[in-house]
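What follows is a short report on a single structure.
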Amino acid sequence: MRPYSALRLLGNAFSGHKNWPRAWRDPEPAKQYDVVIVGGGGHGLATAYYLAKNHGIKNVAVLEKGYIGGGNTGRNTTIIRSDYYQEENSRFYEFSLKLWEGLSEDLNFNIMVSQRGSLQLAHDEGQWSSLSRLANRMRVNGIDAQMISRDELSRLVPILDCSDEARFPVLGAMRQGRGGTARHDAVAWGYARAADRLGVDIIQNCEVQAMEIVNNRVVALNTSRGRIGAGTVGMAVAGHSSHVAAMAGLTLPIETHMLQAMVSEPLKPVLDTVVMAGALHAYVSQTDKGEIVMGSDLEFYPSYAQRGNLPRIEQIAQETLALFPSFSRLRLMRTWGGVNDMTMDGAPVIGHTPVDGLFINGGWCYGGFKATPGSGWAFAETLANQRPAELIAPYSLERFFTGHTIDESGHGPIPQAQ
Ligand SMILES: Cc1cc2nc3c(=O)[nH]c(=O)nc-3n(C[C@H](O)[C@H](O)[C@H](O)COP(=O)(O)OP(=O)(O)OC[C@H]3O[C@@H](n4cnc5c(N)ncnc54)[C@H](O)[C@@H]3O)c2cc1C
Numbered sequence: 005m006r007p008y009s010a011l012r013l014l015g016n017a018f019s020g021h022k023n024w025p026r027a028w029r030d031p032e033p034a035k036q037y038d039v040v041i042v043g044g045g046g047h048g049l050a051t052a053y054y055l056a057k058n059h060g061i062k063n064v065a066v067l068e069k070g071y072i073g074g075g076n077t078g079r080n081t082t083i084i085r086s087d088y089y090q091e092e093n094s095r096f097y098e099f100s101l102k103l104w105e106g107l108s109e110d111l112n113f114n115i116m117v118s119q120r121g122s123l124q125l126a127h128d129e130g131q132w133s134s135l136s137r138l139a140n141r142m143r144v145n146g147i148d149a150q151m152i153s154r155d156e157l158s159r160l161v162p163i164l165d166c167s168d169e170a171r172f173p174v175l176g177a178m179r180q181g182r183g184g185t186a187r188h189d190a191v192a193w194g195y196a197r198a199a200d201r202l203g204v205d206i207i208q209n210c211e212v213q214a215m216e217i218v219n220n221r222v223v224a225l226n227t228s229r230g231r232i233g234a235g236t237v238g239m240a241v242a243g244h245s246s247h248v249a250a251m252a253g254l255t256l257p258i259e260t261h262m263l264q265a266m267v268s269e270p271l272k273p274v275l276d277t278v279v280m281a282g283a284l285h286a287y288v289s290q291t292d293k294g295e296i297v298m299g300s301d302l303e304f305y306p307s308y309a310q311r312g313n314l315p316r317i318e319q320i321a322q323e324t325l326a327l328f329p330s331f332s333r334l335r336l337m338r339t340w341g342g343v344n345d346m347t348m349d350g351a352p353v354i355g356h357t358p359v360d361g362l363f364i365n366g367g368w369c370y371g372g373f374k375a376t377p378g379s380g381w382a383f384a385e386t387l388a389n390q391r392p393a394e395l396i397a398p399y400s401l402e403r404f405f406t407g408h409t410i411d412e413s414g415h416g417p418i419p420q421a422q
């Protein structure tokens, strides 16, 4: 820490933390913007940042109905990786992972990317062979992947039950060494701060309630803070995609479902990698603070409720304990839910809509956190050029009408179900 920063830290501590400068401005909405992004999650903020940085488009507003990062960006289990099988997904998620690798430097903000490796466990021959196929495909695409035996796995993760007595005995795993985690809300803060410095207006507590469409072109948004004119509108509202699209008269091939996760009380470091078990629908990691983060399956009924329920919490605990019996004495500290916009092929929807000037970035299912930098980069290019960026062209809305779906559904908590 530089002496100036240390002095400032001390000074602010003694003054009751009242004099910190704002990390980003709190502007009143202007009457008109070249581009308005709806949704102040990671995707919306990243889009605004890359619009300003890569394309010089700075007359941009991000409208967020609550506080930035308060949606799924701040509710996920923070896993980043690029272990996808389908060509389109593989290319996109690897591009995104490469951006993650330089993101703290680019934003000048520590988003705590930790490439501690991610493991997908195989519990039977079928899973071993499907993961081997995935690993081969990744290597063909130039992405790191290796199959590791049960012995290697037990050396790598001593706390994992690799014994024959385990409830679901483990055969081995597929490992992506460059996979890992990033601090989720720091991603929202980092993009917000960097976008703000380039002139983007970040407007919180501003709910988009209706769209003004003239001759099939979106011209303005009616919000809880008044009418805001827009040359182009980009929706990046995750679980609320169908709801916001309906304001433009669009029906999307998307259903919203709730996904829960939870954290334990903090422990000393015991788990320095991400462990995912497709057969159990479980994924477990340890935060830098020491908490054990646990996640599992989607709720099967559609819902916009951002809160959990006890049966799923019980299921997550059971699955985690099947892998890590020694966690049985841990106390749960917090559980929560987020709303995910599920597409039927598991791939996102990014690109134009039938309404001129209105673009969509959604359908991220339960895997969109890792997509944040790549999605922002490519959505910004799409908005700037008013045509789909090459990287995300396969993710168009039209694919559901032409049949060009990219079927890798389940590539989240149930990664082997591809
Ligand atoms: C429990 C859980 C675990 C997950 N784990 C992972 C994981 O480990 N790895 C991974 O890659 N992905 C994971 N995901 C998925 C990931 O969190 C999302 O795909 C991703 O965060 C979506 O980001 P976003 O910016 O599109 O959405 P959000 O962060 O949800 O941002 C959308 C914003 O739009 C705002 N909004 C909505 N409607 C309006 C409106 N009318 N007007 C203005 N603003 C509006 C919302 O308030 C919200 O802040 C998980 C999700 C959950 C719920």
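Quick note on this note's numbering: the sequence shown kicks off at 5 and runs consecutively. All C-beta atoms in this analysis are idealised placements derived from N, C-alpha and C, irrespective of residue type, glycine included.
**OP:** Return the bridge partner residues of His356 from the DSSP annotation.
**Re:** Phe363
Subject >> Backbone CA spacing between Gly407 and Thr357 [nearest angstrom] >> reply: 17 Å
Subject >> Residue(s) in a DSSP beta bridge with Ile258 >> reply: Thr347
Subject >> Segments assigned alpha helix (DSSP H), at least 4 residues, entirely inside the region 126-209 >> reply: 129-144, 154-160, 188-201
Original post:
So Gly45 and Gly70 are in contact, right, with Cβ under 8 Å, and what is the actual spacing, rounded?
Top reply: That pair is no contact at about 10 Å.
Original post:
According to the neighbour-count rule (16 or more other Cβ atoms, all chains shown, within 10 Å of its Cβ), is Asp200 buried or exposed?
Top reply: buried
Subject >> Proximity below 8 Å, CB of Val278 to CB of Ile83 >> reply: yes
Subject >> Burial state of Phe96 (16 or more Cβ within 10 Å) >> reply: buried
Subject >> Cβ-based neighbour list, Ser307, same chain, cut-off 6 Å, excluding 5 preceding and 5 following >> reply: Met262
Original post:
Terminal residues of the continuous alpha helix (DSSP H) containing Asp110?
Top reply: 107-111
**OP:** Report whether the distance from the Cβ of Val279 to the nearest heavy atom of ligand 1 is below 7 Å.
**Re:** no
Original post:
Alpha carbon to alpha carbon, what distance is there between Pro398 and Cys166?
Top reply: 40 Å
**OP:** Out of Asp38, Ala50, Arg85, Gly73, point me to the one whose CA is closest to Lys62's CA.
**Re:** Asp38
Subject >> Alpha-carbon to alpha-carbon, Val174 and Val156 >> reply: Position check: residue 156 holds Glu in this sequence, whereas Val was assumed. Their backbone Cα atoms lie some 12 Å apart in a straight line.
Original post:
Do you know whose CA, among Val297, Gly380, Leu135, lies nearest Ala283's CA?
Top reply: Leu135
Original post:
At which residues does the beta strand (DSSP E) containing Val32 begin and terminate?
Top reply: Note that residue 32 is Glu in the sequence shown, not Val. Here Glu32 belongs to no beta strand (DSSP E), and DSSP marks it neither H nor E.
Original post:
Per DSSP, Asn226 is paired with what?
Top reply: Ala214, Arg231
Original post:
Touching or not, the region 194-212 and the region 45-55, by the rule of three or more beta carbon pairs under 8 Å?
Top reply: yes
Subject >> Beta-carbon proximity list for Asn220, same chain, < 7 Å, skipping 5 on both sides >> reply: Val359, Asp360
**OP:** Please name the residue, chosen from Tyr89, Gly312, Thr291, Gly367, that lies closest to Gly243 on a Cα-to-Cα basis.
**Re:** Gly367
Subject >> Same chain, Cβ closer than 7 Å to Gly312, five either side skipped, listed in chain order >> reply: Gln264, Thr339, Trp340, Gly341
Subject >> Among Arg333, Asn58, Gly176, the one whose alpha carbon lies nearest that of Asp128 >> reply: Gly176
Original post:
Mind checking Phe405: buried by the 16 CB within 10 Å criterion, or exposed?
Top reply: exposed
**OP:** State yes or no: is the C-beta of Val45 nearer than 7 Å to some heavy atom of ligand 1?
**Re:** One detail in the question is off: residue 45 reads as Gly in this sequence, not Val. Flag set: Cβ of Gly45 near ligand 1.
Original post:
Distance, Cα to Cα, Arg403 vs Lys293?
Top reply: 43 Å
Subject >> Nearest to Gln119 (by Cα), restricted to the options Trp104, Arg335, Glu91 >> reply: Trp104
Subject >> Local Cβ density within 10 Å of Val218, reported as buried at 16 or more and exposed below that >> reply: exposed
Subject >> Host alpha helix (DSSP H) of Tyr305 (start-end) >> reply: Counting along the chain, Tyr305 falls outside any alpha helix (DSSP H), though it belongs to the beta strand (DSSP E) covering 295-306.
Original post:
Can you give the Cα-Cα distance for Ser400 and Ile163, rounded to whole angstroms?
Top reply: 43 Å
**OP:** List the endpoints of the continuous beta strand (DSSP E) containing Tyr425.
**Re:** Examination of residue 425 is not possible in this model, given that the chain is present from 5 through 422 alone.
Original post:
With distances taken from CA atoms, which of Arg391, Lys272, Ala382 is nearest Lys57?
Top reply: Ala382
Subject >> Alpha carbon of Cys449 to alpha carbon of Gly350, nearest angstrom >> reply: No answer is possible for residue 449: the residues shown for the chain start at 5 and end at 422.
Original post:
Do Leu101 and Ser86 come within 8 Å of each other at the CB atom, strictly closer than that value?
Top reply: yes
Original post:
For the alpha helix (DSSP H) that Leu325 lies in, which residues bound it at each end?
Top reply: 314-327
Subject >> Inter-residue spacing [alpha-carbon to alpha-carbon] between Asp345 and Arg79 >> reply: 14 Å
Original post:
Quick one: what's Ile84 bridged to in DSSP?
Top reply: Gly184
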